[in-house]
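Okay, so here's the structure we're looking at.
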Amino acid sequence: MKSQFRQVALIGKYHAMSNGATGASSRQALERIAHFLMDQGCEVVVEADTAANMGLGNYATMDVAGIGAACDVCVVVGGDGTMLGISRQMAQYGVPLIGINQGRLGFITDIPLDNFEATLQPMLAGLYEEDHRSLMQARVMRGGHCVFTALAMNDVVVNRGATAGMVELRVEVDGTFVANQRADGLIIATPTGATAYSLSAGGPLIHPSIPGWVLVPIAPHTLSNRPIVLANVSEVVIELVAGRDASANFDMQSLASLMHGDRIVVTRSQYQVRFLHPKGWTYFDTLRQKLHWNEGVA
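Residues in the sequence shown are numbered consecutively from 165, following my numbering.
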């Protein structure tokens, strides 16, 4: 089968990491995938930071903007953290992403590395499922000025300091006061992020086709403060009323220190991430495999 994608970007982890299934390092895995892609008739471009940090000097390289302008698809090798980072950067260009899992859970990098060829070949030929995921746009407002802005695909989290007590947070939705909450923090999660921090804090699973977010308190002082599902067209504002050393985290990959009175404003981004999955893929297959449902059932 001939590839429908002419120019393919290859993006991976920047540090060597052994994989128990193959015994190969990250660099060896990237080399193996690059050779496979070329065998399928693809022109392989390695993302510039990946090439520089992994010593892949034998391939054409491009930065993210170049990949967005020139490439037909990105193959991302790593774990969900690697995919989260590149997804936010690529969303504005509309280039689809295929994830090969070299991490642990792999909710959004769903092709196992040890046998990627059998799965990837039909996908390159056009046999795949396409899955769109919305992003959140978050801003930290201080005295009427934006002091920090970031995209998030999983979640926006307001946390107390490591050694401090609870924080007090004022929550508004579309300009309407919801509640003042005292807790260790508060999570606003997308359906993609519902299987991340939100899940461990007691939030629900949300199917990615649902245009919603979930607001999840972290260890709330009042036990009646429960998770609530909101429409993702809402504007959610979290104001830090009290608490020391609080911070706002965006996909746990960027962080802003907060001062009393800071307002974290979260809206739906204009951008979406495009994922390609193997033909026949469903969200429920991912949940069943990653959360080990039905184990021990005859």
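From the three backbone atoms N, C-alpha and C, an ideal C-beta is built for every residue, glycine too.
Enclosing beta strand (DSSP E) for residue i [first to last residue]
{"i": "S251", "result": "Here S251 belongs to no beta strand (DSSP E); instead the alpha helix (DSSP H) covers D244 to M254."}
{"i": "T327", "result": "Note, T327: premise wrong, no beta strand (DSSP E); not H, not E."}
{"i": "M142", "result": "Given a span of 165 to 462 for the chain in the structure shown, any question on residue 142 remains unanswerable."}
{"i": "L174", "result": "Q171 to G176"}
{"i": "F414", "result": "S411 to F414"}
{"i": "T313", "result": "H309 to A316"}
{"i": "L404", "result": "V400 to A406"}
{"i": "E281", "result": "Here E281 belongs to no beta strand (DSSP E); instead the alpha helix (DSSP H) covers F280 to L288."}
{"i": "N265", "result": "L261 to N265"}
{"i": "R268", "result": "Taken as a continuous stretch (DSSP letters only), R268 belongs to no beta strand (DSSP E), as it is neither H nor E."}
{"i": "S421", "result": "S418 to S421"}
{"i": "V337", "result": "V331 to V337"}
Beta-carbon proximity list for residue i, same chain, < 7 Å, skipping 5 on both sides
{"i": "P391", "result": "G366, G367, P368, V378, L379 and V380"}
{"i": "A383", "result": "A347 and D348"}
{"i": "S421", "result": "S411"}
{"i": "E281", "result": "F200"}
{"i": "K166", "result": "G205 and A289"}
{"i": "A395", "result": "P375 and G376"}
{"i": "R438", "result": "G258, P260, L261, E294 and H296"}
{"i": "D236", "result": "F169, R170, Q171 and V172"}
{"i": "M330", "result": "R324, R346, A347, D348, H385 and G407"}
{"i": "S362", "result": "D319, I351, A353, V378 and V380"}
{"i": "V397", "result": "R432"}
{"i": "V337", "result": "L394, S398 and V400"}
Beta-carbon contacts of residue i that lie in its chain and below 8 Å, excluding the five residues immediately before and after
{"i": "R268", "result": "G243"}
{"i": "T450", "result": "F271 and D274"}
{"i": "N344", "result": "E332, L333, R334, V335 and V405"}
{"i": "L419", "result": "S411, A412 and N413"}
{"i": "A198", "result": "L174, V208, V210, L220 and Y223"}
{"i": "K443", "result": "P286, M287, L291, Y292 and E293"}
{"i": "Q417", "result": "G245, L248 and G249"}
{"i": "G187", "result": "Legend: pLDDT at G187 = 30, less than 50; position of this residue unreliable, value from coordinates given subsequently. Answer for G187: no residue qualifies."}
{"i": "M423", "result": "R306 and L404"}
{"i": "E195", "result": "L220"}
{"i": "C310", "result": "R303 and V304"}
Limits of the alpha helix (DSSP H) - the one that residue i falls within
{"i": "H199", "result": "S190 to D203"}
{"i": "T431", "result": "First-last for T431: R427 to P442, but that is the beta strand (DSSP E), not the alpha helix (DSSP H)."}
{"i": "V228", "result": "V228 to A234"}
{"i": "T450", "result": "Y447 to K454"}
{"i": "I217", "result": "One point to set straight first is that residue 217 is Asn, not Ile, in the sequence displayed. Its alpha helix (DSSP H) spans residues A212 to M218."}
Residue i, buried or exposed, once every other Cβ within 10 Å from all chains shown has been counted against 16
{"i": "D203", "result": "exposed"}
{"i": "T214", "result": "buried"}
{"i": "V322", "result": "buried"}
{"i": "C206", "result": "buried"}
{"i": "R452", "result": "exposed"}
{"i": "S251", "result": "buried"}
{"i": "L387", "result": "exposed"}
{"i": "M300", "result": "buried"}
{"i": "W445", "result": "buried"}
{"i": "K177", "result": "buried"}
{"i": "C238", "result": "buried"}
{"i": "D415", "result": "buried"}
{"i": "W457", "result": "exposed"}
{"i": "V240", "result": "buried"}
{"i": "T356", "result": "buried"}
{"i": "G339", "result": "exposed"}
Sequence-distant residues of its chain with Cβ nearer than 6 Å to residue i (five each side left out)
{"i": "Q256", "result": "Y435"}
{"i": "A185", "result": "For A185, the predicted structure reports a pLDDT of 38, less than 50, and the residue's modelled location is therefore unreliable. A value from the coordinates is still provided. Excluding positions up to five away in sequence, the list reads D278."}
{"i": "R306", "result": "D426"}
{"i": "V393", "result": "G376 and V378"}
{"i": "R191", "result": "M218"}
Residue i beta carbon near the ligand GDP (any heavy atom closer than 7 Å)
{"i": "L174", "result": "As far as ligands go, the structure on display features none, and thus does not contain the ligand GDP."}
Can we say the segment 220-230 touches the segment 401-409, given the rule of at least three CB pairs closer than 8 Å? As far as the Cβ criterion goes, the segment 220-230 does not touch the segment 401-409, which means the pair count is below three.
Those runs of the alpha helix (DSSP H) which lie wholly inside the segment 342-394 and span at least 4 residues: 361-364, all fully within the segment 342-394.
Any 3 or more C-beta pairs closer than 8 Å across the segment 311-321 and the segment 416-436: Contact between the segment 311-321 and the segment 416-436 is present, because at least three Cβ pairs lie under 8 Å.
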